[in-house]
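Going down the list, the sequences are from chains A and B. FYI, the working numbering numbers position 28 of the first sequence as 28, with every residue one higher than the one before it. In the working numbering, each residue carries its 1-based index in the second sequence increased by 1000. From the three backbone atoms N, C-alpha and C, an ideal C-beta is built for every residue, glycine too. Data block below; observations after.
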Amino acid sequence: MSKNNTSIRDFLYEEPGPKTRTWIRIGTGIALVLLAWLIYAVIDRFNVTGQFREKYWIFFTRWTTWRFLGEGLLTTLRVAVTAGAITFALGFLLMRARLNRHTVIWRISAGIISFTRGVPTLLFVYFFFLVFPKTGIKLTGFWKITLPVAISACGVVAEALRSGVNAVPKGQREAALSLGMTERRSFYRVIFPQAFRFVIPTLIAEMVIVLKDTTFAYIVSCADLMQNAKVLISNYDALVSIYLVVAVIYILINYGLNKLSDSLARRGGTMESRRAKA
Amino acid sequence: MSAQTPVIEMRHVEKYYGDLHVLKDINLSVTKGEVVVIIGPSGSGKSTLCRTINRLETIGSGEILIDGEKIPEEGKKLAQLRSQIGMVFQSFNLFPHRTILDNVTLAPVDVLKRNKKEAQQEALELLKRVGVGDQANKVPAQLSGGQQQRAAIARALAMHPKAMLFDEPTSALDPEMIGEVLNVMTELAAEGMTMLVVTHEMNFARRVASRVIFMEDGAILEEGAPEEFFEHPKTQRAQAFLQSIREH
Ligand SMILES: Nc1ncnc2c1ncn2[C@@H]1O[C@H](COP(=O)(O)OP(=O)(O)O)[C@@H](O)[C@H]1O
Ligand SMILES: [Mg+2]
């Protein structure tokens, strides 16, 4: 039997007919022309203002430039991965509490979730930068950026996980219970693995936000990619070239994350069968 | 425990959903090796009755006894009791993220702490017995409805239950797949399994049931041997109901 590959898109849109296809082609053509023109205009402006002059690019041939950016990138990745792990753990705990049947527990959790979702990341960053040190506890720049980024994302992660859990059909829990599993076992063995698979794309999207939020690191003077880029910009007085290169690096990382999301989503259904055969 | 102790016994069971009186003074017993079929119109409380027996639904008042003992209300004890009663659902409820083999071994390994290799061996035998031995390494979505339901029966059997509950096991199946599931159930009955079956398959009920129970509006209206019930239903409502399903 063939695997079910229909997506939500198939329900929302009909297969286009010949007329629609012609219109789509014309629309695509116009869009491409506009895009090409826009790119040309930008490049032309850069050219006119001399952004392609050698002095703005020559330092990219130096190994030390790349090493400096590389160190920043490494810090960015360390912050992002650590914040991602913390936010997942917090999000998981909040989700469990949110689904608890004790009113006090789920209300507290719901409160924390709304709070972290409602407050902008920057405010959390300033909290750890300015307010938290008043407690006398010393944090390194690394934690001053990692913790606020993690906290700011955990509410969204909690809600994503909860929506995944709610999307698992009730019969799954009942089947697990009827086989003698306790509620807890049925959650960890049957419900959560399915819920997690449902929300992988949402979680990865949230990881992209975490990655972007790490660029607030400059506030707490943690030497991440963005911060090091700023140093290079002032050293070489070369704004556009460095921003372009750094943007491309961020885009590549996020592209990688999206690819990962796609491949995980595609593999999800068959992972277990493959493992069983191995 | 005497030989007379029923495997399943319900005494004066009442249940409400808000204002809706779904189970009205239910008295029922199923002794070892018996196959009791419950029939009745949709919404009459058949599923609810089934589900109170392993406490997927709680009851308002009355008692439910398994092998003469009251059902524990919560925790490990309740889980242990449920592990002794197999349940087969209308919608199969196989675990879609696991292979068929994993579906069958998950509870024996996790709950009964059986050795994984042994559990797998037994699972393969069970799957062969219900006719899906060659599907063991597929995931549920790759099987037909009839195959999935047979695998679900194997999954329940792997726990060595002392009784099995079937809640309309063939209602979600295409007609050509109903027979294969009923055959498996018939074999089980012949091997002496104690069974409580909600179904509208009258031929199955006639051939296999030791007793037929007719429910309507949350109450048991009639109870009797299958020939008697199908040929000479005592209540008018049972007559009307049988008439209505014969017409289909
Ligand atoms: N969780 C529930 N909450 C409220 N009413 C319910 C619930 N489950 C079932 N019911 C109602 O209880 C009655 C009996 O349902 P059910 O046991 O499923 O009947 P049957 O299996 O005979 O079709 C129906 O009227 C149904 O709408
Ligand atoms: Mg029902």
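Closer than 7 Å: residue i CB and nearest ligand 1 heavy atom
{"i": "B:Thr-1052", "result": "no"}
{"i": "B:Leu-1020", "result": "yes"}
{"i": "B:Gly-1040", "result": "yes"}
{"i": "A:Tyr-255", "result": "no"}
{"i": "B:Tyr-1017", "result": "yes"}
{"i": "B:Gly-1043", "result": "yes"}
Residues that residue i bridges to, as DSSP identifies them
{"i": "B:Met-1195", "result": "B:Val-1035, B:Met-1164"}
{"i": "B:Val-1088", "result": "B:Phe-1166"}
{"i": "B:Gly-1224", "result": "B:Val-1212"}
{"i": "B:Ile-1010", "result": "Note that residue 1010 of chain B is Met in the sequence shown, not Ile. Looking at the DSSP assignment, B:Met-1010 forms a beta bridge with B:Leu-1028, B:Ile-1064."}
{"i": "B:Glu-1069", "result": "B:Ile-1066"}
{"i": "B:His-1020", "result": "Here residue 1020 of chain B is Leu; the residue named in the question, His, does not match the sequence. Answer is B:Tyr-1017."}
{"i": "B:Ala-1219", "result": "B:Glu-1216"}
Assigned exposure category for residue i - 16 Cβ within 10 Å defines buried
{"i": "A:Leu-252", "result": "exposed"}
{"i": "A:Val-131", "result": "exposed"}
{"i": "B:Ile-1245", "result": "exposed"}
{"i": "A:Thr-61", "result": "exposed"}
{"i": "A:Thr-306", "result": "Outside the shown range of chain A, which is 1 to 278, sits residue 306 of chain A, and nothing can be said about it."}
{"i": "A:Phe-52", "result": "exposed"}
{"i": "A:Phe-115", "result": "exposed"}
{"i": "A:Thr-215", "result": "buried"}
{"i": "A:Ala-89", "result": "exposed"}
{"i": "B:Ser-1042", "result": "exposed"}
{"i": "B:Gln-1004", "result": "exposed"}
{"i": "A:Tyr-56", "result": "buried"}
{"i": "B:Gly-1218", "result": "buried"}
{"i": "A:Pro-16", "result": "exposed"}
{"i": "A:Asp-224", "result": "buried"}
{"i": "A:Trp-23", "result": "exposed"}
Residue-chain proximity (residue i, chain B), Cβ-Cβ < 8 Å
{"i": "A:Ser-263", "result": "no"}
{"i": "A:Arg-266", "result": "no"}
{"i": "A:Glu-272", "result": "Residue placement at A:Glu-272 cannot be trusted, given a pLDDT of 42 that sits under 50; what the coordinates show is reported in the next sentence. A:Glu-272 counts as touching chain B."}
{"i": "A:Ala-153", "result": "no"}
{"i": "A:Thr-182", "result": "yes"}
{"i": "A:Gly-171", "result": "yes"}
{"i": "A:Glu-174", "result": "yes"}
{"i": "A:Pro-201", "result": "no"}
{"i": "A:Leu-177", "result": "yes"}
{"i": "A:Arg-101", "result": "no"}
{"i": "A:Pro-16", "result": "no"}
{"i": "A:Gln-194", "result": "yes"}
{"i": "A:Val-210", "result": "no"}
Beta-carbon spacing of residue i, residue j below 8 Å
{"i": "B:Arg-1150", "j": "B:Val-1130", "result": "yes"}
{"i": "B:Ala-1190", "j": "B:Arg-1211", "result": "no"}
{"i": "B:Met-1085", "j": "B:Met-1215", "result": "In the sequence under discussion, the amino acid at residue 1085 of chain B is Ile, which differs from the Met named in the question. Cβ distance not < 8 Å, so B:Ile-1085 and B:Met-1215 don't count as in contact."}
{"i": "B:Ala-1158", "j": "B:Glu-1201", "result": "no"}
{"i": "B:Val-1022", "j": "B:Lys-1015", "result": "yes"}
{"i": "B:Leu-1165", "j": "B:Leu-1196", "result": "yes"}
{"i": "B:Thr-1199", "j": "B:Thr-1170", "result": "yes"}
{"i": "B:Ile-1213", "j": "B:Val-1184", "result": "no"}
{"i": "A:Gly-171", "j": "A:Val-220", "result": "no"}
{"i": "B:Leu-1124", "j": "A:Arg-189", "result": "no"}
{"i": "A:Leu-257", "j": "A:Ile-200", "result": "no"}
{"i": "B:Leu-1078", "j": "B:Arg-1051", "result": "no"}
{"i": "A:Val-165", "j": "A:Phe-192", "result": "yes"}
{"i": "A:Val-125", "j": "A:Ile-112", "result": "no"}
Residue i: CB within 7 Å of a non-hydrogen atom of ligand 2
{"i": "B:Lys-1046", "result": "yes"}
{"i": "B:Asp-1167", "result": "yes"}
C-beta neighbour in chain A for residue i, strict 8 Å
{"i": "B:His-1232", "result": "no"}
{"i": "B:Ala-1240", "result": "no"}
{"i": "B:Phe-1089", "result": "yes"}
{"i": "B:Gly-1047", "result": "Correcting the residue identity first, residue 1047 of chain B is Ser in this sequence and not Gly. It does not; no Cβ of chain A falls within 8 Å."}
Closer than 8 Å to chain E by CB, residue i
{"i": "B:Ala-1079", "result": "Although the question refers to chain E, the structure presented lacks it and instead comprises the protein chains A and B."}
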